[in-house]
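Presented below is the structure to which this report refers.
Numbering (our numbering), first residue to last: 1 to 489.
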């Protein structure tokens, strides 16, 4: 029964979902001052414990968004050797020639804001929050009982497309999962995807012909996967395909694949600031070419393990992608796509399936939008396995059912995102020195992800939000396995 006290508490939960944490805090404080119902009082006390953490976390994400724009205005992007980009921005009067301290080519803040304001915040057919699917375009298909490393052929791709189509109630975005050999083209794959899968679909078009690229124009359920910037500079081989896709009017999935400490800073805040800045620059260029074009923010930050390789079994991979998702769902409201739900392990084992399940469940609890690579991927996105895909779908179906039955009055979970008031200075230092490994900022933050993990673990010991679901932190604590102690490749 909904009493006046429970209705007031529900208002606080609604405010949390609207990311209005200060107002939610005021509601919970008012409950403590005026309500006598002990059950409601206890729930309000529980939510108040998180409010200051959530308020502080939101402030950091606001700073990340602001600092990312300052990267573009105060540091700049090194497009001096890319005449097509430079000419477009010059013609648009977007370059700030009065800035004499920028390292590269700075943009005018007003131009950035105008471009970003043109981007639609809604996409047709949006499947909503916590959407998981395939992706990665892994170079190799993992075949059960066959250790040969090779892409998928036409017959195998027909089976992949048919199988994923049969699971589209669970796999809710079909992003190209594996490379193909010469027996079938990417455009032929896209045509088969169009026929067999009704939801959101993504494919890279940089190797397609002009006519094939235009096929995706105006198709609301297709994303044209493209990229442009890395390490604050354009990739020469992607400039022409990027501009062609934008001119065609395709919905652009703008990918930034930065790696902490390798191609971007090592602190979580500086890392996301640079990642976000690079996607914002892609958005600005897309709007310059085609005002009003739909853009999906696909910053997919990645971390490495002790061996220097990507580490999709690490909880850090989950945490940093959940944080970037919050930058968009809480602050910018851009349609967003992240990465997660995969594993470092190369074979379809119980541990590999468990790695993926734990990551998906943690991402779901923190709240993400669209997550690629979440089903079927192995070996840090080196392999795609249909066997694993089907097993992932089975586990995901069970997890989703459990999650849907959980009461919706638990509120938002803090991510305890660590602040770094030297983030902008760190990005500038790295840009000046040309390599994150040579920067003092990187050395000062070599332990940043581990310390963030410790904060989450300590908080998880005090409060368990969803005991019904496997948790990437709680589960490892309960089994006395160190969170970072995943079995290596």
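Even glycine gets a Cβ: it sits at the ideal position worked out from N, Cα and C. Treat the numbers as computed from the prediction; the structure is a model and nothing was measured.
Exercise. Whose CA, out of 35, 48, 349, lies closest to the CA of residue 463?
Worked result: Counting from one through the chain shown, the residue named residue 463 turns up at place 463. Looking at the Cα atoms, 48 is the closest of the given residues.
For this session: Grab me the residues of residue 410's own chain with a C-beta within less than 6 Å of its C-beta, minus the 5 sequence neighbours each way, in chain order.
Result: Taking the chain shown and counting its residues from 1, one reaches residue 410 at position 410. Excluding residues within five positions, the ones whose Cβ falls inside 6 Å are 465.
For this session: Name the two residues that bound the continuous beta strand (DSSP E) containing residue 337.
Result: Along the chain shown, one-based indexing puts residue 337 at 337. It spans 337-339 - the beta strand (DSSP E) in which residue 337 sits, taken as one unbroken run.
For this session: Specify the secondary structure class of residue 315 as computed by DSSP and reduced to three states.
Result: As a working note, residue 315 is residue 315 in the chain shown. In this structure, residue 315 counts as helix in the three-state DSSP scheme.
Exercise. What first and last residue would you give for the alpha helix (DSSP H) that runs through residue 60?
Worked result: As a working mapping, residue 60 is identified with position 60 in the chain shown. 38-70 is the extent of the alpha helix (DSSP H) around residue 60.
Problem set entry | Which listed residue (133, 349, 104) has its alpha carbon closest to that of residue 73 | On the chain shown, residue 73 is found 73 positions in, with the first residue counted as 1. Nearest in C-alpha terms to residue 73, of all of 133, 349, 104, is 104.
Exercise. Can you tell which of 243, 140, 385 has the C-alpha that lies nearest to the C-alpha of residue 87?
Worked result: Position 87 of the chain shown, counted from the start, is the residue given in the question as residue 87. Here the closest residue by C-alpha is 243.
Exercise. Residue 228 and residue 207: beta carbons closer than 8 Å?
Worked result: Position 228 of the chain shown, counted from the first residue, corresponds to residue 228. Position 207 of the chain shown, counted from the first residue, corresponds to residue 207. The answer is no: Cβ separation not under 8 Å.
Problem set entry | Buried versus exposed call for residue 157 [16 or more other C-beta atoms within 10 Å across all chains shown] | Counting from one through the chain shown, the residue named residue 157 turns up at place 157. Its Cβ being crowded by 16 or more others within 10 Å, residue 157 is buried.
Exercise. Based on the DSSP secondary-structure assignment, which residues constitute the bridge partners of residue 223?
Worked result: Here the question's residue 223 lines up with position 223 in the chain shown. The partner list for residue 223 (beta bridge, DSSP) reads 202.
Problem set entry | Euclidean distance between Cα positions of residue 19 and residue 221 | The count along the chain shown starts at 1 and reaches residue 19 at position 19. The count along the chain shown starts at 1 and reaches residue 221 at position 221. Looking at the two C-alpha atoms, the distance is approximately 28 Å.
Exercise. Are the Cβ atoms of residue 296 and residue 241 separated by less than 8 Å?
Worked result: As a working mapping, residue 296 is identified with position 296 in the chain shown. As a working mapping, residue 241 is identified with position 241 in the chain shown. No; because the gap between Cβ atoms is not below 8 Å, this pair is not in contact.
Problem set entry | Straight-line Cα distance separating residue 148 from residue 459 | Taking the first residue of the chain shown as 1, we reach residue 459 at position 459. Taking the first residue of the chain shown as 1, we reach residue 148 at position 148. Residue 459 and residue 148 have their C-alpha atoms roughly 45 Å apart.
For this session: Return the first residue and the last residue of the alpha helix (DSSP H) that residue 160 is part of.
Result: Taking the chain shown and counting its residues from 1, one reaches residue 160 at position 160. First-last of the alpha helix (DSSP H) with residue 160: 154-166.
For this session: Compare the Cα-Cα distances from residue 315 to each of 343, 288, 200, 429 and report the closest residue.
Result: For the purposes of this step, residue 315 is taken as the residue at position 315 of the chain shown. Per the Cα distances, 343.
For this session: Quick one: grab the DSSP three-state call for residue 450.
Result: As a first step, residue 450 must be located in the chain shown, where it is residue number 450. Helix, per DSSP.
Exercise. For residue 479, does the count of other Cβ atoms within 10 angstroms reach 16, so buried, or fall short, so exposed?
Worked result: Sequence index remark: in the chain shown, residue 479 carries index 479 (1-based). Low per-residue confidence applies at residue 479: pLDDT is 47, beneath 50, and the placement is therefore not dependable enough to give any value.
Exercise. Cβ of residue 318 within 8 Å of Cβ of residue 362?
Worked result: Stepping through the chain shown from its first residue, residue 318 is reached at position 318. Stepping through the chain shown from its first residue, residue 362 is reached at position 362. The answer is yes: Cβ separation under 8 Å.
For this session: Take residue 39 and list the residues in its own chain whose beta-carbon comes closer than 7 Å to its own, dropping the five residues that flank it on each side.
Result: For this step, residue 39 is matched to residue 39 along the chain shown. Nothing meets the Cβ criterion.
Exercise. From the DSSP output, which residues share a beta bridge with residue 320?
Worked result: Residue numbering aside, residue 320 sits at position 320 when the chain shown is read from its first letter. Answer is none; residue 320 lacks a bridge partner.
Exercise. Counting along the chain, where does the beta strand (DSSP E) carrying residue 174 start and finish?
Worked result: Residue numbering aside, residue 174 sits at position 174 when the chain shown is read from its first letter. Counting along the chain, the beta strand (DSSP E) containing residue 174 begins and ends at 173-175.
For this session: Check the DSSP bridge columns for residue 264 and list the partner residues they point to.
Result: Within the chain shown, residue 264 is the residue found at index 264, counting from 1. DSSP output for residue 264 lists 260 as bridge partner(s).
Problem set entry | residue 446 classed as buried or exposed, judged by whether at least 16 other C-beta atoms fall within 10 angstroms | Numbered from its first residue, the chain shown carries residue 446 at position 446. It is exposed - the Cβ of residue 446 has fewer than 16 other Cβ atoms within 10 Å.
Exercise. What are the start and end residues of each continuous alpha helix (DSSP H) run of 4 or more residues lying completely inside the segment 331-367, in chain order?
Worked result: 350-366
For this session: Grab the span of the beta strand (DSSP E) containing residue 297 for me, first residue to last.
Result: In the chain shown, the residue the question calls residue 297 occupies position 297. Run containing residue 297: 295-299, per the beta strand (DSSP E) assignment.
For this session: Taking only runs that begin and end inside the segment 97-143, name each unbroken beta strand (DSSP E) of 3 or more residues, in chain order.
Result: none
For this session: Sort 130, 126, 146 by Cα distance to residue 348 and report the nearest one.
Result: As a position in the chain shown, residue 348 is number 348, starting the count at 1. Ranking 130, 126, 146 by Cα distance to residue 348 puts 146 first.
Exercise. In the DSSP assignment, what are the bridge partners of residue 372?
Worked result: Numbered from its first residue, the chain shown carries residue 372 at position 372. According to DSSP, which records beta bridges pairwise, residue 372 is partnered with 339.
Exercise. Nearest CA to the CA of residue 326: which residue from 298, 108, 303?
Worked result: For the purposes of this step, residue 326 is identified with residue 326 of the chain shown, where counting begins at 1. Among 298, 108, 303, the Cα nearest to that of residue 326 is on 298.
Problem set entry | Backbone CA spacing between residue 164 and residue 396 [nearest angstrom] | Mapped onto the chain shown, residue 164 falls at position 164. Mapped onto the chain shown, residue 396 falls at position 396. Going from the Cα of residue 164 to the Cα of residue 396 covers about 14 Å.
For this session: Look up residue 79 in the DSSP assignment and say whether it is helix, strand or coil.
Result: Within the chain shown, residue 79 is the residue found at index 79, counting from 1. In this structure, residue 79 counts as coil in the three-state DSSP scheme.
Problem set entry | Inter-stretch contact (C-beta, 8 Å, three-pair minimum) for the segment 161-175 and the segment 189-206 | yes
Problem set entry | The alpha helix (DSSP H) enclosing residue 232, as first and last residue numbers | Within the chain shown, numbered from 1, the residue matching residue 232 stands at position 232. Premise fails: residue 232 is in no alpha helix (DSSP H) and is neither H nor E.
Exercise. Near residue 485, which residues of its chain fall below 6 Å by C-beta distance, leaving aside the five closest residues on each side in sequence?
Worked result: Residue numbering aside, residue 485 sits at position 485 when the chain shown is read from its first letter. At residue 485, the pLDDT of 38 sits below 50, so the modelled position is not reliable; the number obtained from the coordinates is stated separately. Answer for residue 485: no residue qualifies.
Exercise. Are the beta-carbon atoms belonging to residue 386 and residue 170 less than 8 Å from one another?
Worked result: Position 386 of the chain shown holds residue 386. Position 170 of the chain shown holds residue 170. Taking 8 Å as the Cβ cut-off, residue 386 and residue 170 do not qualify as a contacting pair.
For this session: Can you give me the start and stop residues for the alpha helix (DSSP H) that residue 190 sits inside?
Result: Residue 190 sits at position 190 when you count from the first residue of the chain shown. It spans 186-196 - the alpha helix (DSSP H) in which residue 190 sits, taken as one unbroken run.
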